[in-house]
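Worksheet for the structure shown next.
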Amino acid sequence: MSGPVFLGLNVPWNRFGYDIGGGEWDAGWFDNVFSLASNASANAVRVFLHADARATPSYDNATHQVTGLPGAFLPELLELVVLARSHRLVLQLVLWSFDLCKRSFGADLISNSTLVEGYIARALEPMLAALAGAPGGSDHVVLELINEPEWCVVDSCTTEWCIPLAAMQRFVGLLAAGVHAASPLPVTVGSASLKWSGSDNSSAEGNWWSDRALFDAAAGGKDPPALARLDLVNVHLWEWMVDPVWGYDPCRAPAAYWGAEKPIVVAEMPDSLANRSADGLLGCAVGQGFRGGLFWAVNDPAHPLRDAYQALHLRVAKDNSFESLVAWLHRLPTGNAEPTLPPPHESATARAAAEKTGIQAAFFAVAIALATALMRMRRQNFSLTSRYRRLALVSPIRRAHRTRQWNSEAPMREVNFIF
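In our numbering, the protein residues as written are 552 to 970.
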């Protein structure tokens, strides 16, 4: 991959959900860890904010309507932004995580567009306004709307509350449109795997976060749906995704194979994996056409970083990689530039009706053709028995998840989709 790439570390949290605005801000801890990253020649870090809403934003317990941000949130956020710049690190801020679906508030927030709009108006927009005025600027900031949303979605759910895919796509689309309407900051989603972020021509199940999917899902929101788009794609890489035949890992197939609409960053990967070293994984995340990778994580005992620091140091020239990456981020087609609308589309109802009509027409055409053929064959004393056989199509379904995220004892609840 020519040009700048993400070469960094996950610094997900010091205190999960409490670091910014939750009463546990520790500037010294982040300063030390950012220094460690910078000394290893990293040019990017990834940090969680709300997580599962245990401390931020503020919301009404009865209605689940977001009421704002705690008083310390914005000053502490700006301090974090300044710290990252001082260490010349691109700062990827993760607003939410799939852990949100372990709480009834989170399930309601994702599933109810009124609650989403309330979060945008009373928490996200003030956050964006504050970032716009950050000392030294915020052009080194990337916003990740939600970490691994797939674990909330009904068909791949590992949380207590399970959300329809359409609701999650609308949640992501509305947030993306809200950011783009008010800010030039680039937007992404932390997809759990290439399994859900690849084209139909790959081994992926589909691209759940495509422009088309988000545009359709966000229609009807207060911001133009053309703003409901990602600027780059994040995917994660873990052991369960590795397979030489169907695997969802960047070492098996190049970025072009997955057919993504946007640049792809491997935003979570362990220090080593199967037969791949830290340097080997980073090599795949760069040499296969991806836009780099970030190792998980500086403070996770289950996934210690043994060789990642050396791998980063060998791969990147720190002297200019930060500036180059920031410049590249702001060449992406993002912000509140004039939007390009996707092609006109029919409503789901009209499309379904058209498909039904087309199927019926095709059925009758086939029936007529078959009847004609039968009559002709009878006249010629042909036997159909030897000419036809039934075909059996088997489509194996593989569902595997990171064991550290699976809670088999927690009951799953499906959440209604509220307009």
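C-beta atoms are modelled at their ideal positions from N, C-alpha and C, and glycine is treated no differently.
In this text the structure is predicted, and so the values were computed from the model without any measurement.
The straight-line gap separating the alpha-carbon atoms of tyrosine 808 and aspartate 751 is approximately 10 Å. Your pair glycine 559 and asparagine 594 checks out as a contact, with CB atoms roughly 6 Å apart and the cut at 8 Å. Three or more Cβ pairs closer than 8 Å define a contact, and the region 839-848 falls short of that threshold against the region 762-770. Non-local beta-carbon contacts of lysine 813 in its own chain, meaning distances under 7 Å to residues more than five positions away in sequence, involve Leu781, Asp782, Leu783 and Val784 in chain order. The straight-line gap separating the alpha-carbon atoms of valine 596 and glycine 810 is approximately 26 Å. Taking the Cα positions, serine 592 is about 9 Å away from alanine 862. Annotation: glutamine 839 is outside any alpha helix (DSSP H) and is labelled neither H nor E by DSSP. Within its own chain, the residues whose Cβ lies closer than 8 Å to the Cβ of glycine 669, once the five positions on either side in sequence are excluded, are Gln616 and Val617, listed in chain order.
Per DSSP, reduced to three states, the secondary structure at asparagine 785 is strand. Apart from sequence neighbours up to five positions away, the residues of its chain that approach isoleucine 661 with a beta-carbon distance below 8 Å are Leu651, Cys652, Val667, Cys703, Ile714, Ala718, Met719, Phe722 and Val966, ordered along the chain.
The beta carbon of glutamate 630 sits closer than 8 Å to the beta carbons of Trp576 and Ala578 from its chain, once the five residues preceding and following it are set aside; these are given in chain order. Counting only runs of at least 3 residues, the region 678-718 fully encloses the following beta strand (DSSP E) elements, listed from N- to C-terminal order: 692-698. For glutamine 861, the uninterrupted alpha helix (DSSP H) segment begins and ends at 859-866.
Taking the C-beta atoms as reference points, glutamate 711 is found no nearer than 8 Å to alanine 743. If you draw a 10 Å sphere on the C-beta of threonine 614, you find fewer than 16 other C-beta atoms in it, and that means exposed.
Inter-segment contact for the region 825-838 and the region 848-861 is present: three or more beta-carbon pairs are separated by less than 8 Å. Cβ-Cβ distances below 6 Å link valine 849 to Leu560, Val562 and Val584 in the same chain, with the five nearest sequence neighbours on each side left out; the list follows chain order. In the three-state DSSP reduction, valine 562 falls in the coil class, being neither helix nor strand. Apart from sequence neighbours up to five positions away, the residues of its chain that approach proline 555 with a beta-carbon distance below 6 Å are Ser875, Leu876 and Trp879, ordered along the chain. Rounded to whole angstroms, alanine 836 and cysteine 802 show a C-alpha spacing of 8 Å.
Of all alpha-carbon atoms in Leu745, Leu642, Ser648 and Ala683, the one lying nearest the alpha-carbon of proline 735 is that of Ala683. Residue environment for serine 664: buried (at least 16 other C-beta atoms within 10 angstroms of its C-beta).
DSSP, read as helix, strand or coil, puts glycine 771 in coil. In this structure, Thr739 is the residue among Thr739, His691 and Tyr569 with its C-alpha nearest to the C-alpha of valine 816. Only residues of its own chain outside the window of five on either side were considered, and among them Leu625, Leu628 and Leu629 have a CB closer than 8 Å to the CB of alanine 681, listed in chain order. Annotation note: the region 595-653 contains the following uninterrupted beta strand (DSSP E) runs of length 3 or greater, listed N- to C-terminal: 595-602, 617-619 and 641-648. Per DSSP, isoleucine 661 is one residue of the alpha helix (DSSP H) stretching across 655-662. For serine 754, the closest of Pro795, Val730 and Ala770 by C-alpha to C-alpha distance is Pro795.
For serine 823, the closest alpha carbon among the candidates Thr607, Pro805, Trp789 and Tyr799 is that of Trp789.
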